[in-house]
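See structure below.
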Amino acid sequence: LELLLRYAWYDTDCNKSGYIDQSEFLQLLSRINIYLKQEKAIQIYKKFIKEQHNNNQRKSKLSLRNFNKQHGITLEECVYLLRKIRKILHATSENGKDKKRNN
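Letter by letter, the sequence shown follows residues 12 to 114 in this note's numbering.
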């Protein structure tokens, strides 16, 4: 799975910066068949970026300076974020199944 993601990642990282921005992230989700409403995907992405920014601020001013130069997320960060999304989707689908069973 991660090898497939790596290939999709490199194709999606159009400027070959080593980071994907929000629009590239949305393309990647579609490319690897993760279907979320665009608003939800953007919300998850922005929340992750904000959390990373806050973590870097706590670590050091140097990290913050590097973060400000970076415009997006790395492959490793993307893998982490996609795992979070899979958990969200799994929990959502399980809740839907439970509701159907109870009706």
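Cβ atoms here follow ideal geometry from the backbone N, Cα and C, with glycine treated the same way. The model shown is predicted, which means the values in this text are computed figures rather than measured ones.
Which term fits G83, buried or exposed, when burial requires 16 or more other beta carbons within 10 angstroms of its beta carbon? Counting Cβ neighbours within 10 Å, G83 comes out buried, since at least 16 surround it.
Classification of K48 by the beta-carbon crowding that lies within 10 angstroms, buried from 16 upward: Exposed: under 16 other Cβ atoms inside 10 Å.
Using a Cβ-Cβ cutoff of less than 8 angstroms, which residues in the same chain neighbour Y30 once the five nearest sequence positions on both sides are dropped? Answer for Y30: D24, Q81, H82, G83, I84 and T85, listed in chain order.
Buried or exposed for K72, please, with buried defined as at least 16 other CB atoms from any protein chain shown within 10 angstroms of its CB. Bear in mind that the predicted position of K72 carries a pLDDT of just 49, short of 50, making it unreliable; the figure below should be weighed with that in mind. Looking at its Cβ environment, which holds fewer than 16 other Cβ atoms inside 10 Å, K72 is exposed.
For a quick check, are the C-beta atoms of L39 and A52 less than 7 angstroms apart? One thing to note: L39 has its Cβ no nearer than 7 angstroms to the Cβ of A52.
DSSP puts I31 in a beta bridge; with which residues? Answer is I84.
What are the boundary residues of the alpha helix (DSSP H) that includes Y21? Annotation for Y21: the continuous alpha helix (DSSP H) segment containing it runs E13 to T23.
Note down, in chain order, each residue of its chain lying with its Cβ closer than 8 angstroms to the Cβ of R76, except the 5 sequence neighbours on either side. Any reading at R76 is ruled out, since the residue's pLDDT is 41, under 50, leaving its predicted position unreliable.
Would you tell me roughly how many angstroms separate the C-alpha atoms of T103 and C89, rounded to the nearest one? Using only the alpha carbons, I get a separation of about 21 angstroms.
Restricting to Cα atoms, I'd like to know which of W20, N26 and Q33 is closest to K57. Cα-wise, what sits closest to K57 is Q33.
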